[in-house]
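Undergrad: Protein chains in written order, with the numbering used here: chain A, 45 to 378; chain B, 45 to 378. We put the CB at the ideal spot given by N, CA and C, even for glycine.
There are 2 protein chains.
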Amino acid sequence: MKIVIDAFGGDNAPKEIVEGAILAINKYSNLNIILCGDEKKIREILNGRDERIEICHAPLVISNDDVPTEAIRGKKESSLVKAFDILKEREDVISLISAGSTGAILTGAIMKIGRIKGISRPALAPILPTKKKSDVILIDSGANIDCKSINLYHFAVMGSAYYSALYNVNKPRVGLLNIGVEEHKGTELTREAYSLIKDSGLNFIGNVEAREYMSGNVDVMVADGFAGNVLLKGSEGAVGALLSVLKNSIKSHTMSKIGALFMRKTFKEIKNRMDVLSRHGGSPFLGCKKLVMKNHGSCKRENILASVDQSIILYQNKLIEKIEDLIKKQVGEE
Amino acid sequence: MKIVIDAFGGDNAPKEIVEGAILAINKYSNLNIILCGDEKKIREILNGRDERIEICHAPLVISNDDVPTEAIRGKKESSLVKAFDILKEREDVISLISAGSTGAILTGAIMKIGRIKGISRPALAPILPTKKKSDVILIDSGANIDCKSINLYHFAVMGSAYYSALYNVNKPRVGLLNIGVEEHKGTELTREAYSLIKDSGLNFIGNVEAREYMSGNVDVMVADGFAGNVLLKGSEGAVGALLSVLKNSIKSHTMSKIGALFMRKTFKEIKNRMDVLSRHGGSPFLGCKKLVMKNHGSCKRENILASVDQSIILYQNKLIEKIEDLIKKQVGEE
Chain A
45 MKIVIDAFGG
55 DNAPKEIVEG
65 AILAINKYSN
75 LNIILCGDEK
85 KIREILNGRD
95 ERIEICHAPL
105 VISNDDVPTE
115 AIRGKKESSL
125 VKAFDILKER
135 EDVISLISAG
145 STGAILTGAI
155 MKIGRIKGIS
165 RPALAPILPT
175 KKKSDVILID
185 SGANIDCKSI
195 NLYHFAVMGS
205 AYYSALYNVN
215 KPRVGLLNIG
225 VEEHKGTELT
235 REAYSLIKDS
245 GLNFIGNVEA
255 REYMSGNVDV
265 MVADGFAGNV
275 LLKGSEGAVG
285 ALLSVLKNSI
295 KSHTMSKIGA
305 LFMRKTFKEI
315 KNRMDVLSRH
325 GGSPFLGCKK
335 LVMKNHGSCK
345 RENILASVDQ
355 SIILYQNKLI
365 EKIEDLIKKQ
375 VGEE
Chain B
45 MKIVIDAFGG
55 DNAPKEIVEG
65 AILAINKYSN
75 LNIILCGDEK
85 KIREILNGRD
95 ERIEICHAPL
105 VISNDDVPTE
115 AIRGKKESSL
125 VKAFDILKER
135 EDVISLISAG
145 STGAILTGAI
155 MKIGRIKGIS
165 RPALAPILPT
175 KKKSDVILID
185 SGANIDCKSI
195 NLYHFAVMGS
205 AYYSALYNVN
215 KPRVGLLNIG
225 VEEHKGTELT
235 REAYSLIKDS
245 GLNFIGNVEA
255 REYMSGNVDV
265 MVADGFAGNV
275 LLKGSEGAVG
285 ALLSVLKNSI
295 KSHTMSKIGA
305 LFMRKTFKEI
315 KNRMDVLSRH
325 GGSPFLGCKK
335 LVMKNHGSCK
345 RENILASVDQ
355 SIILYQNKLI
365 EKIEDLIKKQ
375 VGEE
């Protein structure tokens, strides 16, 4: 089993990425990793710890300032393009992991790896925490801005297959992000998507308001990329604002400072619960022919390890094949 | 100066509404209030405290289950319709306050009071807290689902005038909710709205991501009603989930319980900072010819008082006239 990793994507590359690869190698005895990037720099970090690690030299790096299509076409010697070439050409490579430019990763995935037949819009599906013990995935979270109802239907199918493969849940609860629960609520897009998903055979629980998405009562939240992005970023912003007000208040009251010491365990629990990325690594780009994992730009070594964990689970649970089957079935029915 | 209040709107009506009216009467010696609703029940609560309070008897109540247009047309003897009639007919009544059905209030405002010339879509603009000391208003938050760019432009104008009137700020910073900061980002709608608002003479700071809306760096956040609703409800949901995880964790650790006692002041500060409604009452329905304040269904007496406060400030700072002037100017220029 092999995984290819773009060692030069993200704010903490290459150090944290390479260290993450080493963590993964130590965890899985049947795993080989191919690191793409400047060989000399990678070797320096590896410092001899290169068992089951192959290096694919790539002198260039794609940055967030690069135009994605131009970068994928033009920067053939970049760590990301080299990684895509390897994912494409080698059958035993099951997944690509990168913390680089989102646009470039998505463009590369579509141009180099290709879409599953029937799916016009692959989508990013990050995992978010809920009030309860379960997580919720949001699909799409910003890759697809102007969506049609068929795209939202595909998001529902792919999201359901993903949740099912990741958590071993048979029929995850699929909800459609809307501004009210009644079937007629929302835009033309949501109304059309509602009736498509309703007839899909998925476990569709109907419209779900933004307020409810972290309630633990929905597993797969379907949205167009614009609304999904607003939901994702808006909740990050709100939680950030709350924690910032909390911190400042603690700082300015001696009693609160003392209280905060007693509450260490609670603060740690909150951090763990909210920090889903450490548990699950990146978001897969669903709808491509092979697994492509997009990690957060600020990711650390444990996030890379988590993305390896997730890649292996999704590969073993045959995520790609499941999506292909579901879409094929639907295309056949039409 | 007179204000009309729907005494039978909301979950805590009529008790909390009537008590709120009494608070307002005690605060403002030059204020008269007209309470609409079942006279006998209102008198019972007033219990003789009826100085400067007039009662307009209305035996019916519009509920959330009523279809708004039918209710406004058909339930002429309801507390809300009576209140609208009074706002319309009496020149010295400066504002209407209701915690009843949002749909009925918006419909009543448009049908009974009418829109400011040039504005096709009035909008709700709730106030939200930020990390800093300032607040941010969100316009629209769900009244208008399918928007055109001209509507978003009007939201920018109305929101700016509202913020300016409420906080005595000369040129509030207006941002457009988008999924990236660059001018070309987002949908056709946001790109068109961007260029309209850019040329408006408002203090337009460009696109603002959902993550930044509580940063304190933007005063007026402009969005279509769908995205605005997702932002508003999504952040409520996320904050609620975080607080719920916090509470459960405190309950399950003795040390944390002790810590929480020490942190009382901090928890109170957070509650006050987050609970903007108590400070500002409801959201005005901007774009109507007179002030219509929509309060939250769960509002208490202090929220009614806050809505009276806000009505008086907005009246004295000539909000309606300001919006009329700005729109007239724009219409003239076209």
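#1: So which residues of chain B does V289(A) contact, with C-beta pairs closer than 7 angstroms?
#2: Helix, strand or coil for L75(A)? Go by DSSP, reduced to three states.
#3: I want to verify the contact list: residues of chain B whose CB lies under 9 angstroms from the CB of G152(A), in sequence order.
#4: Classify G54(A) as buried or exposed, calling it buried when 16 or more other Cβ atoms lie within 10 Å of its own Cβ.
#5: In angstroms, rounded to a whole number, what distance separates the CA positions of V41(A) and K161(A)?
#6: Using 8 angstroms as the Cβ pair cut-off and three pairs as the minimum, do the stretch 84-94 of chain B and the stretch 344-361 of chain A touch?
#7: Along the stretch 218-249 of chain B, what residues have a CB closer than 7 angstroms to any CB found in chain A?
#8: Reducing DSSP to helix, strand and coil, say where D190(A) ends up.
#9: Please decide whether D184(A) counts as near chain E, where near means a Cβ-Cβ distance under 8 angstroms.
#10: When the distance is taken between beta carbons, is F270(B) closer than 8 angstroms to I189(B)?
#11: Near K229(B), which residues of its chain fall below 7 angstroms by C-beta distance, leaving aside the five closest residues on each side in sequence?
#12: To the nearest angstrom, how far is it from the Cα of G325(A) to the Cα of C343(A)?
#13: Could you tell me whether any Cβ in chain B is nearer than 8 angstroms to the Cβ of G144(A)?
#14: Residues in its own chain within less than 7 angstroms of I106(B) by CB, not counting five upstream and five downstream?
#15: Let me check understanding here. Comparing Cα to Cα, which of E280(B), G64(B), Y238(B) lies closest to I171(B)?
#16: List the residues of chain B whose Cβ lies closer than 7 angstroms to the Cβ of E280(A), in chain order.
#17: Residues of the stretch 177-206 of chain A with a CB closer than 9 angstroms to any CB of chain B: list them in chain order, please.
#18: Which stretch, first to last residue, makes up the alpha helix (DSSP H) that contains R217(A)?
#19: Please list, in chain order, the chain B residues whose beta carbon lies closer than 8 angstroms to that of S300(A).
#20: Spell out whether any CB of chain B is found under 8 angstroms from the CB atom of K277(A).
#21: If K156(A) sits next to F128(A), beta carbons under 8 angstroms apart, how far is it from one beta carbon to the other, in whole angstroms?
#22: Within the 8 angstroms Cβ cut-off, does L286(B) reach chain A?
#23: Within this structure, are the beta carbons of S164(B) and K338(B) separated by less than 8 angstroms?
#24: If we ignore side chains and look at the alpha-carbon of each, how far apart do L75(B) and L210(B) end up?
#25: My output table needs one value for I49(A): the three-state DSSP class, helix, strand or coil.
#26: Where are the beta strand (DSSP E) runs, 3 residues long or more, that stay fully inside the stretch 77-143 of chain A, in chain order?
#27: Can you give the Cα-Cα distance for T234(A) and S193(A), rounded to whole angstroms?
#28: In the stretch 145-205 of chain A, which residue ranges form an unbroken beta strand (DSSP E) of at least 3 residues, counting only runs that do not cross its ends?
#29: Cα separation between E256(A) and K373(A)?
#30: Can you tell me the Cβ-Cβ gap for M258(B) and A282(A), rounded? I've got them flagged as a contact below 8 angstroms.
#31: Are I138(B) and I78(B) touching if we call contact CB-CB under 8 angstroms?
#32: Report buried or exposed for K333(A), applying the criterion of at least 16 other Cβ atoms within 10 angstroms of its Cβ.
#33: What did DSSP end up calling G250(A) once you bin it into helix, strand or coil?
#34: Pick out the complete beta strand (DSSP E) segments inside the stretch 322-361 of chain B, 3 residues or longer, and give them in chain order.
#35: So, does the CB of G147(B) fall closer than 8 angstroms to a CB anywhere in chain A?
#36: Could you check the C-alpha separation between V62(B) and N56(B) for me, to the nearest Å?
TA: Walking through what the data contain:
#1: For the purposes of this step, residue 289(A) is identified with residue 245 of the first sequence, where counting begins at 1. Annotation: Cβ neighbours of V289(A) in chain B (cutoff 7 angstroms, chain order): K175, I314, R317.
#2: Within the first sequence, numbered from 1, the residue matching residue 75(A) stands at position 31. In the structure shown, L75(A) sits in coil (DSSP, three-state: anything other than H, G, I, E or B).
#3: The count along the first sequence starts at 1 and reaches residue 152(A) at position 108. Within chain B, no residue comes near G152(A); the closest Cβ sits about 19 angstroms away, beyond 9 angstroms.
#4: On the first sequence, position 10 is the one that residue 54(A) refers to. With 16 or more other Cβ atoms within 10 Å, it is buried.
#5: Nothing can be reported for residue 41(A): it is not among the residues displayed for chain A, which extend from 45 to 378.
#6: no
#7: L221, I223, G230, T231
#8: The residue you call residue 190(A) lines up with position 146 of the first sequence. The answer is coil: DSSP assigns D190(A) none of H, G, I, E or B.
#9: No chain E is part of this structure, whose protein chains are labelled A and B.
#10: Position 145 of the second sequence, counting from 1, holds the residue named residue 189(B). Position 226 of the second sequence, counting from 1, holds the residue named residue 270(B). For I189(B) and F270(B), yes; Cβs fall inside 8 angstroms.
#11: In the second sequence, the residue the question calls residue 229(B) occupies position 185. For K229(B), where only same-chain residues beyond five positions count, the Cβ hits under 7 angstroms are N222, I223, N251.
#12: As a working note, residue 325(A) is residue 281 in the first sequence. As a working note, residue 343(A) is residue 299 in the first sequence. The C-alpha of C343(A) is placed about 8 angstroms away from the C-alpha of G325(A).
#13: Along the first sequence, one-based indexing puts residue 144(A) at 100. It does not: the Cβ of G144(A) has no partner Cβ on chain B nearer than 8 angstroms.
#14: On the second sequence, position 62 is the one that residue 106(B) refers to. The answer, listed in chain order, is A115, K119, S122, L124, G144, S145, A148.
#15: Taking the second sequence and counting its residues from 1, the one referred to as residue 171(B) is at position 127. Considering only alpha carbons, the answer is E280(B).
#16: Translated into the one-based positions of the first sequence, residue 280(A) becomes position 236. What E280(A) touches in chain B: R255.
#17: G186, I189, D190
#18: Start at 1 with the first residue of the first sequence, and residue 217(A) comes out as number 173. Unbroken run through R217(A) is the beta strand (DSSP E), 217-222; no alpha helix (DSSP H).
#19: Working through the first sequence from its first residue, we reach residue 300(A) at position 256. The contacting residues are F306, M307, K309, T310.
#20: Mapped onto the first sequence, residue 277(A) falls at position 233. Chain B, which has a Cβ nearer than 8 angstroms to the Cβ of K277(A), makes this yes.
#21: The residue given as residue 156(A) occupies position 112 in the first sequence. The residue given as residue 128(A) occupies position 84 in the first sequence. The Cβ separation is near 4 angstroms, so the contact holds.
#22: In the second sequence, residue 286(B) corresponds to position 242, counting from 1. Yes, L286(B) counts as interfacial toward chain A.
#23: Stepping through the second sequence from its first residue, residue 164(B) is reached at position 120. Stepping through the second sequence from its first residue, residue 338(B) is reached at position 294. Their beta carbons are not under 8 angstroms apart, which means S164(B) does not touch K338(B) by this criterion.
#24: Start at 1 with the first residue of the second sequence, and residue 75(B) comes out as number 31. Start at 1 with the first residue of the second sequence, and residue 210(B) comes out as number 166. Straight-line Cα distance between these residues: approximately 19 angstroms.
#25: In the first sequence, residue 49(A) corresponds to position 5, counting from 1. Strand, per DSSP.
#26: With a minimum length of 3 residues, the continuous beta strand (DSSP E) runs that stay inside the stretch 77-143 of chain A are 97-101, 137-142.
#27: Your numbering for residue 234(A) matches position 190 in the first sequence. Your numbering for residue 193(A) matches position 149 in the first sequence. Distance between the alpha carbons of T234(A) and S193(A) is about 7 angstroms.
#28: 171-173, 179-183
#29: Position 212 of the first sequence holds residue 256(A). Position 329 of the first sequence holds residue 373(A). E256(A) and K373(A): Cα-Cα distance of roughly 31 angstroms.
#30: Counting from 1 along the second sequence, the entry for residue 258(B) is found at position 214. Counting from 1 along the first sequence, the entry for residue 282(A) is found at position 238. Contact holds; Cβ gap of about 6 angstroms.
#31: Residue mapping note: residue 138(B) aligns to position 94 of the second sequence, counting from 1. Residue mapping note: residue 78(B) aligns to position 34 of the second sequence, counting from 1. Cβ atoms of I138(B) and I78(B): not closer than 8 angstroms.
#32: Counting from one through the first sequence, the residue named residue 333(A) turns up at place 289. Classified as buried, K333(A) has 16 or more neighbouring CB atoms from the shown chains inside 10 Å of its CB.
#33: Residue mapping note: residue 250(A) aligns to position 206 of the first sequence, counting from 1. Correct three-state label for G250(A): strand.
#34: 327-330, 335-338
#35: Sequence index remark: in the second sequence, residue 147(B) carries index 103 (1-based). It does not: the Cβ of G147(B) has no partner Cβ on chain A nearer than 8 angstroms.
#36: Stepping through the second sequence from its first residue, residue 62(B) is reached at position 18. Stepping through the second sequence from its first residue, residue 56(B) is reached at position 12. When rounded, the distance between both Cα atoms is 10 angstroms.
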